[in-house]
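Notes to accompany the following structure.
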Amino acid sequence: MNNQAAYAQQQDTSNAVVTVSGLTKAYAGGKTVLQDVALSISPRECLGIVGESGSGKSTLARCILTLDPFDQGELRLDGQSIRGLKRSELKRIRSRLGAVFQHPSAALNPRLTILQSLLEPLDQLKYYVPSFMAGKSSERRDTAEHLLEMVKLPASYLDKFPHQLSGGEKQRVTIARAISTEPDFIVLDEPTASLDVTTQATVLNLLKDLQDELGLAYLFISHDLAAVHFMSDRIMVMKEGSVLEHFPKEALFHSDRHPYTQSLLEVFSTCCLPTEPILL
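Following the numbering used here, the numbering of the sequence shown begins with -9 at its first residue and continues without gaps.
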């Protein structure tokens, strides 16, 4: 058994919000894009995945979000296997998942106001009132205002369109939308890659604050090892669809790291791998 498999087996999966075992996927033509991937994520935990483009990170994310099928293995969400689920059951499980992707402009319909975009997930649930609105108001606009407040945007933005917002502001809107249905777990797939350095820091700090406030579990995917180190409790390194290493983030600088991980580390010095909130 290799080190990463041994470490994966040591993780307590009894209360995991996400458990993946033996996940394998190949595209038409036979190219394997995921090979025997295993992971688990507990409540309030962030698992970071780092690797170069084409390593399988985003494909894994789409499989976990039930957006893409996989060929072998098992995916359990809140302890329930997704295999054989009826469409209605799968829809219920999907409401417990959130996602924030790299390009907020692509995630927001340019024809919809920010209010309309924020309410899209809630409109799918009809009578659902988020617990953070308990005792306040069941009006959808009030809910949208509260969501903007949670991501530090003014209520006046509700009537704006995406093109009127900066890249960082649009990404905050997608984060607000991701938390609107009170998910247990959110996939963050390169959420800061398209942003400037200052805005990256703002978004990372916001994500940390929301995790603490709402008790969220994250899968944080990036090619940026500094961001992964800042956000994560554990780090998984992927290459060519396989997991090379899986370790607590405190072990990132250990001398026995895989040569590929060491090559990623060479890009960064310890001064640019923050462990405390990034100050602006």
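For every residue, glycine included, the Cβ atom is placed at its ideal position computed from N, Cα and C. Since the structure is predicted, the reported quantities are computational estimates derived from the model, not experimental observations.
The C-beta distance from ILE225 to PHE243 rounds to 11 Å, too long to meet the 8 Å contact threshold. Of all alpha-carbon atoms in LYS239, SER146, THR192, SER30, the one lying nearest the alpha-carbon of ARG162 is that of THR192. For GLN154, no alpha helix (DSSP H) encloses it, and the DSSP letter there is neither H nor E. The Cβ-Cβ distance between ARG167 and SER107 falls below 8 Å. According to the DSSP assignment, LYS116 belongs to no beta strand (DSSP E), since it is labelled neither H nor E. The C-alpha of ARG86 lies about 7 Å from the C-alpha of GLU172. Per DSSP, the continuous alpha helix (DSSP H) segment holding LEU197 begins and ends at 187 to 204.
By the neighbour-count criterion, in which 16 or more other beta carbons inside 10 Å mark a residue as buried, GLY158 falls on the buried side. When only Cα atoms are considered, LEU13 and SER78 end up about 24 Å apart. Beta-bridge analysis with DSSP links GLU64 to SER11. Per DSSP, MET226 lies in no alpha helix (DSSP H) segment; the continuous beta strand (DSSP E) that holds it begins and ends at 224 to 229. ILE83 sits away from LEU209, with the two beta carbons spaced by 8 Å or more. Looking at the DSSP output, GLN70 sits in a beta bridge with LEU67.
For GLU42, no alpha helix (DSSP H) encloses it, and the DSSP letter there is neither H nor E. Note that the stretch 2 to 12 touches the stretch 27 to 44; at least 3 beta-carbon pairs, one per stretch, sit closer than 8 Å. Under the 10 Å beta carbon count, VAL187 is surrounded by fewer than 16 other beta carbons and is classified as exposed. Taking a 10 Å sphere around the C-beta of GLU235, we find 16 or more other C-beta atoms and assign the residue as buried. Membership of LEU80 in the alpha helix (DSSP H) is indicated by the continuous run 77 to 84.
Nearest Cα to PHE175 within the set SER45, GLN62, LYS21, GLY69: GLY69. For VAL141, the secondary structure class from DSSP, reduced to helix, strand or coil, is coil.
According to the DSSP secondary-structure assignment, PRO238 is paired through a beta bridge with ARG224. Using a 10 angstroms sphere on the CB of GLY231, the tally of other CB atoms reaches 16 or more, which defines it as buried.
With contacts defined by Cβ atoms closer than 8 Å, HIS248 and VAL227 form a contacting pair. For SER253, the enclosing alpha helix (DSSP H) begins and ends at 249 to 255.
Contact check for LEU206 and LEU200: beta-carbon distance about 6 Å, within the 8 Å limit, so the pair qualifies. Exclusion of the five residues before and after ALA51 leaves VAL177, ASP179, LEU209, ILE211 as the residues of its chain whose Cβ lies within less than 7 Å of its Cβ. For THR49, no beta strand (DSSP E) run applies; the uninterrupted alpha helix (DSSP H) run containing it begins and ends at 47 to 54, by DSSP. Selection GLU203, ASP26, TYR17, SER170 evaluated against LEU115 yields SER170 as nearest (Cα-Cα).
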